[in-house]
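First the structure, in the form of structure tokens, and then the observations on it.
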Ligand code: GYE
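In my numbering, the protein residues as written are 8 to 324.
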């Protein structure tokens, strides 16, 4: 009889749900799922770090899922967050399309979803609470305008584009094209995706140098990492970046910023990856049921030889 009782008690204990996470002050801890794209760039590593640090600072339990560059893994992560009944979800979406079904599942479970860093296209904007990101079209315009003005309106450009179908790749190409349209002599002679990585940036730049060699006046890379890969390719081909070929990019994190100060990169537009504080302000408001603006734009600045050196020691990322 005693044995039977012990077995029943053990059984019940093993079936009881695990206790809800509790914060130091005794209130229930928020549990937030974060679906990250991967670790393709310096920017993304900085964003991951900012989100993890901010969650820890606020006593939020973060369930972190790295999709290793595959949207299907992000969709799986969202489904698993729904199954785990998290309080909110933060999503950095790899591509613009393909979210409708899984976001409907999230909405049915009444879990607020905050988009960070990239936007998506869905029929119904109510599928997400808010988007916190830079204005990628404007980033592209700023670089395009700079190039048009600095080159006196004549230059052949090769473009290293970001991940196909991603918001920043689409919008940075669009903004740049829009700005250089005012300078008919500035032309994109080749454009190819290089996945936002240094290795691909180098590989594609090598191919551009083979096909177009001396005709190339500038490289426009949709992010720092591809620009750093392009620098390597240029130097290995015996070209002097900043003199023979101008290199321009977006992100402006420390490794590329250092090359800007050294004169190898000629202009950078920043894109802040420090989204943790804004993301969790939004999460906490959404969980409380407060209204949020559909979009918060993170402002960006342009840096070149005129202001880079003074900025370097002040850079936060
Ligand atoms: O510019 C790039 C990255 O989504 C804004 O993704 C982000 C971009 C960033 O891999 O470096």
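By construction, the Cβ of each residue, glycine as well, lies at the ideal position given by its N, Cα and C atoms.
All values reported here derive from a predicted model rather than from experimental measurement.
Beta-carbon proximity of residue i to residue j, cut-off 8 Å
i           : j           : result
residue 127 : residue 113 : no
residue 322 : residue 261 : yes
residue 266 : residue 238 : yes
residue 240 : residue 209 : yes
residue 204 : residue 47  : yes
residue 232 : residue 54  : no
residue 301 : residue 132 : yes
residue 316 : residue 268 : yes
residue 282 : residue 123 : yes
residue 167 : residue 226 : yes
residue 91  : residue 70  : yes
residue 151 : residue 178 : no
residue 173 : residue 117 : no
residue 285 : residue 139 : yes
residue 287 : residue 62  : yes
Residue i beta carbon near the ligand GYE (any heavy atom closer than 7 Å)
i           : result
residue 183 : no
residue 41  : no
residue 139 : no
residue 310 : no
residue 47  : yes
residue 187 : no
residue 51  : yes
residue 163 : no
residue 287 : no
residue 125 : yes
residue 175 : yes
residue 272 : no
Contact set for residue i: own chain, Cβ-Cβ below 8 Å, skip 5 residues either direction
i           : result
residue 145 : 182 and 307
residue 294 : 37, 94, 95 and 119
residue 134 : 106, 107, 110, 111, 113, 114 and 120
residue 160 : 190, 191, 192 and 193
residue 197 : 165, 166, 215, 218 and 219
residue 318 : 264 and 310
Nonlocal neighbours in the same chain, by C-beta distance under 7 Å from residue i, ignoring five residues either side
i           : result
residue 175 : 125, 143, 169 and 229
residue 149 : 276 and 309
residue 57  : 280, 281, 282 and 283
Cβ shell of residue i (< 6 Å), same chain only, five flanking positions each side left out
i           : result
residue 314 : none
residue 164 : 195, 225 and 227
residue 88  : 40 and 96
For residue j and residue i, believed in contact at Cβ under 8 Å, the rounded distance
i           : j           : result
residue 235 : residue 136 : Contact flag wrong, Cβ pair sits at about 35 Å.
residue 220 : residue 193 : In fact, because the Cβ distance is near 19 Å, the residues do not count as touching under 8 Å.
residue 84  : residue 72  : 4 Å
residue 273 : residue 290 : Going by Cβ atoms, the distance from residue 273 to residue 290 rounds to 39 Å, so no, they are not a contact pair.
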